[in-house]
Amino acid sequence: MSTVKYDAHGNPYAMHYDSPEHEYQTGKQGVWLFLATEVLMFGGLFVAYAIFHHIYPEVFKIGAKFTDWRFGSANTIVLLSSSLTMALGIYYIQMKNNARAFWMLAITVICGFIFMAIKYVEYSHKLHLGLYPGAWYHGNLEEVAHHVGLSPEEIPANLALYFSFYFMMTGLHGIHVMLGMGLIIWTMIRLKRGDFSPDHYTAVEGVGLFWHLVDLVWIYLFPLLYLVS
Amino acid sequence: MAKNTPDTHAHDHGHGHGAGHNYLNHEKGLWSWLTSLDHKRIGIMYFITVMLFFLVGGLAALTIRTELFSANRLVDGQTTGAVVTASQYTRLMTYHGAIMVFLVIIPGIPAFLGNFFLPLQIGAKDVAFPRLNLLSWYCLLGGAGLAVASMFYGGADTGWTFYTPYSISLSKAVVLLVSGAFVGGFSSILTGLNFVATVHKLRAPGMTMNRIPLFVWALYSTAILQVLATPVLAITLLLIAMENVFQIGFFDPALGGDPVLFQHFFWFYSHPAVYIMILPAFGVISELIAAFSRKTIFGYTAIAYSSIAIAAVSFFVWGHHMFVSGQSEIAGVVFSAITMLVGVPTAIKVFNWVATLHKASINLASPMLYAMGFMFLFTIGGVTGIFLATTALDTHFHDTYFVVAHFHYVMVGGTLMAIMGGIYYWFPKMFGKMVNEVMAQASFFFIFVGFNVTFFPQFVLGAKGMPRRYYDYLPVFEPLNRMSTIGSYMIGTGFVIALIAVIHALLSKQEPVGDNPWGAKTLEWTTTSPPPHDNFEKTPIVTAGPYEYR
Ligand SMILES: [Cu+2]
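Here the protein sequences line up with chains A and B, keeping their order.
Residues 4 to 232 (my numbering) make up the first sequence, in order.
Residues 167 to 716 (my numbering) make up the second sequence, in order.
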């Protein structure tokens, strides 16, 4: 069922809907349902975190010392700003100012790049110290202990578990950031093509909701991974 | 809010809907099918793929039963009674389970019958998101492709449940099979997402939630489960793959992880998945019982809301799989009690169906035979489920053939019987032809009798202590195992007859069957058989409930 119909104002909609508005409302509900699946998927990881934090609190306490709260805060600010520019992008489409909307979306993508760049710096720092996840962990005990100003006896034997969570959670989140960037670029191309108008911008709104969710997940990851020490 | 104004726009594609124009001949060629966004065509594509997977899974089952026909004995230094080796056996068992669960039973009713009939039953032109619908089919194929690929890496032998730590200590075949289930899971999520939005937003004018057919209610409850539970399976399978490849240590006791945590994660999805598998079957049975009793269904509201109740309770019972896994006693008791609670809404359905039969003018055509078979078998499956929910009994029955018999009574005796009944019931609507009634009844006879001959002895074997999943057994169990194997050949015969019946019907030249050969009352029977490309000549306006018989 792909045939397109047009309403009185020339707005297109798929012919199994009654109107563009009907299509828009349905599409938005679809996006919300998809976001629910994302929340449940990340929810599984958060539950695992809660359980292991309960069993080995010291692993997380000491593990978090290897993160730098300044990098984490910088990334939090970057993502929060990007959520704002994303929202502004939609606002400007509603205001028929497509040029500004385009720039807002572009800034959002750039924020995504900055976020990933900072993550890259953080990752390479950890990998350099041998702080790999799970069985791949090969940090030198002396060196690792010295790095956070502790004596070697104070380093828990399964410190690697923290890095399993760190890489798993930020990795899955990072994949979502990159997916989100790709989607925003897609909406930018469509915006340039003139696909959107003040009463037809479902795709941008859906991508925006996704981007806000990715942002929200980070808001939870930041304290759980950086600030638990 | 959806604006339920009747469609006043003229059709802007050039052809009319005279006699003979339908979704099957709307476009021609394989490519038009593979790229079709028509929910009816996608439903048929699911039909074909699910049947192919069913054939593969079924052949694996028959091989398993053939191996178990005789206990293996050492005679003069030679093993007798063996058909396959032990390692082949465990792989057959794993693929039988994984294929039947992920590729047959889960997509079976929703993605095939549901796809085809949900929009028709609520008077919609299509599902809400036709592109996602097509994508879901490719996800299923992708998942199946990965499962096939895993066979070339030695094959997985973990069982379909992928229990740790065994599953993380093994070859890459497990990673591939797990990825297959992961990708296939997206097919399920997309179908569920589509159905929820379709039911919310695309109902025809006058089709209130209290007028939607019970099949739609069942699919709607299922869709909620698919959307909410499958993501948890996704993350669990992802963690298994990560554990296998990177040894992240969540589930590996050697690294301080907890294998029972995996079981919690897995069953948090896979118990609701049991209802993803059975709720749509309840929906089909409600349709069949109403249509062939020629009577308004008894307790519409109770049947509709009990589906939602089952879906809700199903999220809080997963611990009944871990009564003997070192879970705390308190947790065991709580999970046991909540599990028994599921019996209440389920029994409400069965009682309402039976009450509908009371003083009805029952037409025992083949779809109704399957519905009756369903009620008989599913009741046995459900009641033995209560046995297993009882912690004291489960300690004995756990991991025995009793469990195997129980879930086959529910999944095969329940879901597969409903699929078969549904196929015979809706076949004239889908293809405009009738299936030969004699062949349809013969298939029912073989499947129903064969099923009981196969699986009833397994209750006895399990109670006597025969463990499940083993390659071999003590000679004392041989007579009942032989019986079970003979029964499985009867089931196989029944399905071959059904396949021949379907192919025969498709190839036959018949008088047009008319719009409504069964005299049923739901909306799909008001349009032509097969339905036109956009389902209805005019958007129907609904003024009454779905089962206005008498
Ligand atoms: Cu269960």
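Where a beta carbon is used, it is the ideal one built from N, C-alpha and C, also for glycine.
Item, Value
"Within-8 Å CB hit, residue 136(A) to chain B", "yes"
"Per DSSP, the bridge partner or partners of residue 244(B)", "241(B)"
"Near-chain A residues of the stretch 355–367 of chain B (beta-carbon distance less than 7 Å), N- to C-terminal order", "355, 359, 362, 363, 366, 367"
"Residue interval of the beta strand (DSSP E) (run including residue 17(A))", "15–17"
"Amino acids of chain A, ordered along the chain, whose beta-carbon sits closer than 8 Å to that of residue 343(B)", "The premise fails here: residue 343(B) is roughly 20 Å from chain A at the closest Cβ pair, so nothing lies under 8 Å."
"Near ligand 1: residue 203(A) beta-carbon under 7 Å from a heavy atom", "no"
"Interface flag, residue 4(A) vs chain B, CB-CB below 8 Å", "Any reading at residue 4(A) is ruled out, since the residue's pLDDT is 46, under 50, leaving its predicted position unreliable."
"Residues of its chain near residue 67(A), where Cβ-Cβ distance is below 8 Å and the 5 sequence neighbours each way are ignored", "165, 228, 229, 230, 231, 232"
"Residues near residue 158(A) in its chain [Cβ-Cβ closer than 7 Å; skip 5 each side]", "65, 144, 147, 148"
"Uninterrupted beta strand (DSSP E) stretches inside the stretch 242–306 of chain B (no shorter than 3 residues)", "244–246"
"Near-chain B residues of the stretch 152–169 of chain A - C-beta to any C-beta below 7 Å", "161, 163, 164, 167"
"For residue 523(B) and residue 459(B), believed in contact at Cβ under 8 Å, the rounded distance", "6 Å"
"7 Å CB neighbourhood of residue 698(B) in its chain, flanking five on each side removed", "183, 187, 188, 189"
"Beta-carbon spacing of residue 136(B), residue 575(B) below 8 Å", "In the structure as shown, chain B starts at 167 and stops at 716, and residue 136(B) therefore has no counterpart that could be examined."
"Span separating the alpha-carbon of residue 273(B) from that of residue 239(B)", "41 Å"
"Residue 341(B): first and last residue of the uninterrupted alpha helix (DSSP H) it sits in", "338–367"
"Residue 171(B) to residue 450(B) span [Cα, whole Å]", "Residue confidence is low: residue 171(B) scores 39 on pLDDT, short of 50, so the model does not pin down where it sits. Its coordinate-derived value is still stated next. Cα to Cα, the separation comes out at about 30 Å."
"Residue 412(B) at chain A interface by Cβ criterion, 8 Å", "yes"
"Residue 195(A) classed as buried or exposed, judged by whether at least 16 other C-beta atoms fall within 10 angstroms", "exposed"
"Start-to-end residues for the beta strand (DSSP E) that takes in residue 8(A)", "7–9"
"8 Å Cβ cutoff, residue 44(A) in contact with chain B", "yes"
"Residue from 676(B), 650(B), 441(B) with nearest C-alpha to residue 620(B)", "650(B)"
"Residue 484(B): CB within 7 Å of a non-hydrogen atom of ligand 1", "yes"
"beta-carbon residue 727(B) near ligand 1 non-hydrogen atom, thresh 7 Å", "Chain B is shown only over 167 to 716; residue 727(B) falls outside these bounds and no answer can be derived."
"CA nearest to the CA of residue 419(B), picked from 334(B), 388(B), 435(B), 248(B)", "334(B)"
"Collapsed DSSP secondary structure at residue 170(B) in the structure displayed", "For residue 170(B), the predicted model reports a pLDDT of 40, less than 50, meaning its position is unreliable; a value from the coordinates is still stated below. Reduced to three states, the DSSP call for residue 170(B) is coil."
"Host alpha helix (DSSP H) of residue 532(B) (start-end)", "532–555"
"Contacting residues, own chain, Cβ-Cβ under 7 Å from residue 174(B) (five flanking each side not counted)", "Because residue 174(B) sits at a pLDDT of 39, beneath the cut-off of 50, its placement in the model cannot be relied upon, and the point is left open."
"CB contact below 8 Å: residue 242(B) versus chain A", "no"
"Neighbour flag for residue 189(A) against chain B, beta carbons, 8 Å", "no"
"When 498(B), 405(B), 533(B), 598(B) are compared against residue 555(B), the one with the closest alpha-carbon", "498(B)"
"Residue 70(A) at chain B interface by Cβ criterion, 8 Å", "no"
"Cα-Cα separation between residue 216(B) and residue 277(B), rounded to whole angstroms", "9 Å"
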